[in-house]
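Step one of this worksheet: look at the structure below.
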């Protein structure tokens, strides 16, 4: 009992001494007397102004420490606030002080407000707080023994609490504006080699980009403060809210940062699982089993991911696989990056595979896909023959700093081969150059058939004559906005080409677009036993169109059957067309159509009626036996030795005054008008017999 009594008295004496020390310090030590020195030190070291509105208070209960309210730090070379803290509290552990150790038991910052800005020239308003003067310019003087002895002992922080902080970020280089509010951070003990846990949460909102997300992060940690290294274990990050373009969004990342070293710029990731969902529209998952990155090298195990995207009547699924990364210095290589792709839209189904080696040169800022190869299959009721195959190979290269891309693709189709070379300069307003060459290409085979229901008039009604204001109001305007920023120059060549059933050979087309003007010139091809030469243009600023075409020595019958599915005319000859128009709707284009057209044919026939047969019927009625024999041999067409006509087109009305058809026994002349907007014809024909 005596021992307990003596212990009790000793503790009481110690308590009295401590209370006396605290009372003496509180009575004699005024921390506010150091405020001017503190403000001056900040001014000298940073050029910024530190403002301390409240008093610095010493606190002895429940823990020894200090607190201050109303701290503010100015922006560089400005009186405006860069950051402000409503209250800062620091608590120290008592017993370690007796052994000359400073253990910060708790640091609490409440109501932090900070505005971070990146200026147009790339500088930020906190550059001076990060680096100070360059290392090469720092020449610290050698420390004396007394200075070394006066160095502070090791600092051990029991925990940090950041409460209700708000931080804004403005990037003037790209217009980004974000604000993180209600930021809260709680940590465990922070000391070298000591494990702890952290808990972080915040709300992030932005106008550019437009988003609103609630963030949460938990992780265990262990740091080596001297080496600025450490590790994070059982890391889990979540984000939930809304983001522009994708709508509702959920992000989830978990795994371990097995090691990081800020000084050596080294990081080691393991067991990383990432996912992103946006309602039923987006579902993405990514897995990194092992990834090590340092300035000298990088290595990993295979990386895999899956992306699912669904909207309305279409859905895409992509499975991505990356072989183990190989890197030396700033050159990163994947022996193979492969994608299995599935796409479905209505009744169309597409399946495909793409694979290529990948090289990323960070020094040259260059991405290279040297040997791209892929296979695709298309299936559906609107696909010709219900199924089509496509094989791809080529190489691509992208320089993101220079904003250039170039490459070559070779596509092997079921009916031929297509080669494409391209180059792109600038990504914001790209200038595109291309050369496309094919041996045989049937474009119709890879396009869905036209909607026949739209082409046919409704049952029980005649086609609209057009021209009414109500009809024009219902028409969708022609939108050429896509053409205004387009910069394009290229060529299309094909040994044999089928487009909209038109069959052409030796096709040679040059295309150029700039400042809203598209020119297709020259346009050359052989077709239907003859040749085509011409040009066309589109002006997006005036919604203007112009076409000049000359067909020479063409068999007109097969051409009409392929183009219009009509068997109206036979013959071989020349067709010329020179027309222009402008307008906001299809009907307006018809009404503004101006120009000329002409037709000259030899040794042909007009199908659908037989003027000679009508004459033979008259002769047969009169009893001529030879006429009866001719009637038996006759067909529903009027043969001619030559046919010519020219048209002048003004405001959508084509006028012809010189129709002439000649045959060995017949002469036909005609004149009249074709009102294109009204779909009406006013025409008179005069026929006379020769050698009757």
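In our numbering, the protein residues as written are 5 to 696.
Even glycine gets a Cβ: it sits at the ideal position worked out from N, Cα and C.
>> Which of the three DSSP states is assigned to residue 571 in this structure?
In response: coil
Checklist entry - Can residue 238 and residue 249 be called in contact, C-beta distance under 8 angstroms? => result no
* Near residue 421, which residues of its chain fall below 6 angstroms by C-beta distance, leaving aside the five closest residues on each side in sequence? -> 443
As a quick exercise: from 657, 359, 206 and 365, pick the residue whose alpha carbon is nearest that of residue 379. 359
Between which two residues does the alpha helix (DSSP H) containing residue 248 stretch? Note, residue 248: premise wrong, no alpha helix (DSSP H); not H, not E.
Report task. Work out the CA separation of residue 542 and residue 583 for me, nearest whole Å. Result -> 12 angstroms
Looking at residue 69: is its Cβ nearer than 8 angstroms to the Cβ of residue 49? no
Does residue 516 come out as helix, strand or coil in the three-state DSSP assignment? strand
- Is residue 450 helix, strand or coil when you go by DSSP? helix
Three Cβ pairs or more, each shorter than 8 angstroms: is that satisfied between the region 558 to 578 and the region 589 to 599? no
- Task: State the DSSP-derived secondary structure class of residue 482, mapped to helix, strand or coil.
- Result: coil
By alpha-carbon positions, which one of 315, 343 and 267 ends up nearest to residue 299? 267
- Whole angstroms is fine: what's the gap from residue 29's alpha carbon to residue 62's? Residue placement at residue 29 is poorly supported in this model, since its pLDDT is 43, which falls under 50; the coordinates still yield a value, given next. Cα to Cα, the separation comes out at about 9 angstroms.
*Counting pairs of Cβ atoms below 8 angstroms between the region 506 to 513 and the region 537 to 552, do you hit three or more?*
no
In the DSSP assignment, what are the bridge partners of residue 176?
Partner(s): none; residue 176 has no beta bridge.
Output the distance between the C-alpha atoms of residue 391 and residue 501, rounded to the nearest integer angstrom. 20 angstroms
* Counting only the same chain and skipping the five closest in sequence on each side, list residues whose C-beta sits under 6 angstroms from that of residue 201. => 192 and 224
Query raised in the report: Does the distance from the C-beta atom of residue 409 to that of residue 402 stay below 8 angstroms?
Result: yes
- [ ] Verify whether the separation of the beta carbon atoms of residue 414 and residue 437 is less than 8 angstroms.
- [x] no
- prompt: Thinking C-alpha only, which one of 88, 570 and 525 is nearest residue 551?
  reply: 525
*Out of 480, 513 and 113, state which residue places its alpha-carbon closest to the alpha-carbon of residue 187.*
113
In the DSSP assignment, what residue or residues form a beta bridge with residue 207? 185 and 218
Straight-line Cα distance separating residue 496 from residue 676: 40 angstroms
Between which residues of its own chain and residue 325 is the CB-CB distance below 6 angstroms, once the five residues before and five after are set aside? 308 and 342
Notebook entry, point to check: What are the uninterrupted segments assigned as beta strand (DSSP E) that are 3 or more residues long and contained completely in the region 294 to 345, given in chain order?
Noted result: 301 to 304, 307 to 315, 318 to 326 and 329 to 332
Practice prompt. Report buried or exposed for residue 595, applying the criterion of at least 16 other Cβ atoms within 10 angstroms of its Cβ.
Written response: buried
Quick one: Cα of residue 585 to Cα of residue 411, how far? 38 angstroms
Practice task
Between the Cα of residue 178 and those of 565, 549 and 212, spot the shortest distance and give me the residue it belongs to.
Solution key: 212
- Sequence-distant residues of its chain with Cβ nearer than 7 angstroms to residue 332 (five each side left out): 301
Rounded C-beta distance between residue 117 and residue 36? I'm assuming under 8 angstroms.
In fact, because the Cβ distance is near 24 angstroms, the residues do not count as touching under 8 angstroms.
Residue 340 beta carbon less than 8 angstroms from that of residue 376: no
* Asked: Nearest to residue 119 by alpha carbon, out of 370, 84 and 97?
  -> 84
**Study point:** Run of the alpha helix (DSSP H) containing residue 285, from where it starts to where it stops
**Key:** Looking at the DSSP string, residue 285 is not in any alpha helix (DSSP H), and its letter there is neither H nor E.
Considering only the beta carbon of each residue, do residue 199 and residue 226 sit closer than 8 angstroms? yes
Item checked: residue 591: first and last residue of the uninterrupted alpha helix (DSSP H) it sits in -> 590 to 595
Based on Cα-Cα distance, which residue from 395, 168 and 434 lies nearest to residue 407? 434
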